[in-house]
Amino acid sequence: MTRETVHIISHSHWDREWYLPLEAHRMRLVELFEDLFELFETDPEFKSFHLDGQTIVLDDYLEIRPQNRDKLLHYIHEGRLKVGPFYILQDDYLITDEAHARNALIGHLESKKWGAEGHVPVGYYPDTFGNVGQIPQLAKLSQLDTVAFGRGVKPIGFDNQVLSDDVFQSSFSEMTWQGADDSQVLGILFANWYSNGNEIPVEPSAAKVFWDKKLADARKYASTSHLLFMNGCDHQPVQKNLSQAIRVARELYPDIDFVHSDFKTYTEAVKAANQQGLSVVKGELTSQETDGWYTLANTASTRIYLKQAFDRASTLLAEEVEPFAIMSGQKYPSDELTYAWKLLLQNAPHDSICGCSIDDVHREMEVRLARVQQVGDFLLHRTFDQWAKELQTEDLSDLAFTVVNPTPHRQTKTVSVDLTVKKEALLAGKLAQTHAELEQLPLPNLGVADAQGNRIPAKIEDLGAIFDYTLPKDKFRQAGFARKLRVTVPMEDMPPLSWKTFQLIEVEETAQEQTFTFENDFLAISFQEGKGLQLTEKATGRTVDNFLSFEDVGDIGNEYIFVQTADGEVVRAHAENLRSLERIGAMQRFTSDFRLAVPVSAAESLLAEQIELVECMKRKSSRSEQLMDLPIQVTFTLYDHSPQLHVTATFTNQMKDHRLRAMIATGLTADSHEADSTFETVVRFNTPSKYWENPNFAQRHRTFVSLAEESRAVTLSSQGLHEYEVVNQSELALTVLRATGELGDWGYFPTPDAQCLREFQVDFAIELHASKDKYAAYSRAKSFSSSLLAKQISQHAGSIASSGLVNLHPALADDRLCITSLKRAEDGQSTVLRYYNMVDEEVVLEGHQATCLDLLEHEIPRDASRIHSQEIRTELLE
């Protein structure tokens, strides 16, 4: 019989913020490091400590003890502190593609600063709420061939058999995990959790009881004679007498090798052992074959305002600031962007972006996310100002502006820009006079034209005289009153990385009022009593009645899990009307009202159940009998030549303990659907597995969900809304609000802010299309969250044409390829483009040549002209 080795890895799973706020946890972190230093100095048998796969804990400690940097460096060089490979432990599903990539890159760069001796060569996902299907490929592209994770797979154990019809079960805690692109890594599941070796007794009789049970538990699942024991748990202080506990274990079990180990030692031993019968699990791992209660998918709808802010900030950095800096040729703000990405990633851990912490944590998150937005906005406008000076504008009027699409997506959007007609400085004693003169300044009849003088449909509003200021780089701030105009222009099908300049010119005629048709080239919308809003696909004549409604139900769950109230009551609202708002050229907006009578909260009995720690799915509370109106105003936007219907819903939530969903009727029925996940288009079934008990089958998506029959499809895209459900294999339910009053998990932590008593604006888009056109629809869905820029420009000579585009790569023109990043390489010289193949087949770019990189920006061998199915591709551009 092979001699067993027990690998004991000391660690503390360090959620930076959770049931305590960041600074309270930081104070405990300082104590942990001080205890570690004492142990390293006094106990040579205590070999090492695993810093939870994230380098940010080093920064957090040094904020308090900057004088101990050399001490940290010393113990990392000795291999006693194990750091990386990531910057933080991120959630898999609720952060953007590029947030994943930058977490790996920044973690790698930070680890290098501290030295390779302490680097952990394992992708570490101990507590992510499910694992996306591209983790194996992301790991391989981060030079990692092993991944350790805690959720998503159900190990059978005992007889080491996997049932033939089960896909997401493994016979062992070790398995081969095959990603969406067929990349394979060794997967290590914490089958007995990442605390199975916590607080090991030193008293022999207690140690015997402990080890008899723990060894039996580990043997149920282990594929080799190497057994993993994680000595730690959430915010666990270091076990100072661990060396003694190991000596006791050796005496009790002389036939077993007990070693104080680390992940490199353990994984190398597992790989060298004779592994037989390892299961192959494929794609995303979200506990699909469990009872469905603890998938934690409902964190996608907890505190939705955080998800919206995170996505806005990430899109700003990755799709606006970085590519605009590249396309403009201006100085690249590398240091500022690294700072912004780090600040953004500090909101990405699962207990942070998932919204499942105490209120103090999420209040601080809102501030951090606002700070990212502030940095990004400053960098964006600075680049625009510098670049605009090089535009050729001397032949334009003195009221001109440029619209830029800095993103890698083709866009159809409406953009507004404020133009200064005249500005006067603030003079003491003449403020009222100056303001009045500017207010009374006569303006000619103005219209908008392109650089060649061709008229462009637009809306011009007079904002009057308002306070304005500038902050020159070479002088004191310049404050004054400015007479302002606001110009709004619809931009249809604007190419990626392009710009177009317009000017205001005097016109004789007054703009004629345009008629509203409630239709475009692709869609028609109508309203009929009893049938609500009807959406017609003009190419086929297919009409969907009540294509949009809203559904509200009670929620007695917590920040992790939605549980409907015991009464099962469903409140549903259909449209009450349809009326026009405005039309500007090719763009028209119209609006509809919805109204729900919603209980003000759950019944009072819910509080007692929370305090008594009744498991949420076993609660019996119903909803209050007191009702309150919840009015929802929905604005629809149609562009003449776009198949997307843009939808904006605004409402003020004044009710507690409930979930609100937008219900999109598709008129289709299907067994499965496609959804956008991290660097992946994933196929999911519309009904759960036979093991599923949860009546709710909510799932997570990044930007779109698509339901299709043989020839027709409906694609739903959204901004910062990541929870959906396919109801009755036909209706798409998009969660737009979930209000709950407690954190959940291991105690009672009230979270009144999670009731989300605030104003909301939610944005999504609906597209009816042929199934064969799905990748064009997916491309439009990916662009839905992006923005156009517009800024006033002055008259001057320049070397750059007033309108144009930058065509850097054939992927820009291929709907099957989704670009996620265009940035300066870390070497400071080259340009890096990242994209991935959305289709399950190879895409060939004839004649394309490029140097291919991994996520760490190291060169790797690839045929640049062939992009494999679901491949993530990073290329160096000349």
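Per this note's numbering, residue 1187 is the first one in the sequence shown, and the count goes up by one each step. All C-beta atoms, glycine included, are put in the ideal place defined by N, C-alpha and C.
The three-state secondary structure of Trp1573, taken from DSSP, is helix. In this structure, the CA atom of Leu1824 is about 36 Å from the CA atom of His2054. Annotation: Phe1358 to Pro1341 spans about 6 Å, alpha carbon to alpha carbon.
Here the segment 1665-1677 does not lie against the segment 1712-1731, with fewer than 3 beta-carbon pairs under 8 Å apart. The three-state secondary structure of Gly1319, taken from DSSP, is coil.
Shown here, Val1992 sits in coil according to DSSP, grouped into three states, outside any helix or strand. Boundaries of the beta strand (DSSP E) harbouring Gln1364: 1360-1364, taken from the DSSP string.
Taking C-alpha positions only, Leu1248 is separated from Tyr1261 by approximately 14 Å. Within the DSSP secondary-structure output, Pro1341 pairs in a beta bridge with Ser1356.
In the structure shown, the three-state DSSP call for Gln1559 is helix. The DSSP-derived three-state label of Ile1292 is helix.
As a beta-bridge residue in DSSP terms, Gly1373 pairs with Val1333, Met1361. If you check the CB distance, Thr1191 and Leu1555 do not come in under 9 Å. In the structure shown, Met2024 adopts coil according to DSSP, grouped into three states.
Boundaries around Pro1785 are those of the beta strand (DSSP E), 1773-1785, since no alpha helix (DSSP H) includes it. In this structure, DSSP gives Val1601 an extended state, which the three-state scheme calls strand. Gly1418 and Asp1949 have their C-alpha atoms some 43 Å from each other. Residue environment for Glu2045: exposed (fewer than 16 other C-beta atoms within 10 angstroms of its C-beta).
When Arg1489, Gly1562, Arg1728 are compared, the shortest CA-CA separation from Ser1520 is found for Gly1562.
If the five residues before and after Arg1549 are omitted, its C-beta is found closer than 8 Å to the C-beta atoms of Asp1939, all from its own chain and listed in chain order.
Gln2056 counts as buried, since no fewer than 16 other beta carbons sit within 10 angstroms of its beta carbon.
Here Met1213 is exposed: its Cβ has fewer than 16 other Cβ atoms, across all protein chains shown, within 10 Å. Scanning the segment 1776-1839 from its first residue to its last, the whole beta strand (DSSP E) runs of 3-plus residues come out as 1813-1825, 1830-1838.
For Phe1662, the number of other beta carbons within 10 angstroms of its own is below 16, and it is reported as exposed. Counting only runs of 4 or more residues that sit fully inside the segment 1221-1285, the alpha helix (DSSP H) segments are 1242-1248, 1255-1263, in chain order.
Going by C-alpha positions, Gly1319 is about 14 Å away from Thr1282. DSSP lists Ala1665 as the beta-bridge partner residues of Tyr1655. The beta carbon of Gln1978 sits closer than 6 Å to the beta carbons of Phe1587, Leu1605 from its chain, once the five residues preceding and following it are set aside; these are given in chain order. Sorting Phe1219, Pro1230, Arg1266, Glu1224 by C-alpha distance to the C-alpha of Asp1246 places Phe1219 at the top.
In this model, Phe1713 and Met1773 are separated by some 20 Å (Cα to Cα).
Per DSSP, reduced to three states, the secondary structure at Lys1399 is helical. The continuous alpha helix (DSSP H) containing Lys1528 extends over residues 1520-1531. Cα atoms of Thr1188 and Lys1958: separation of roughly 56 Å, rounded to the nearest angstrom. In this chain, Ile2046 is not harboured by any beta strand (DSSP E), its DSSP state being neither H nor E. Contact check for Thr1836 against Gln1947 passes: the beta carbons are separated by less than 9 Å. Measuring C-alpha to C-alpha distances from Gly1906 to each of Lys1493, Pro1322, Ser1916, Tyr1655 identifies Lys1493 as the nearest.
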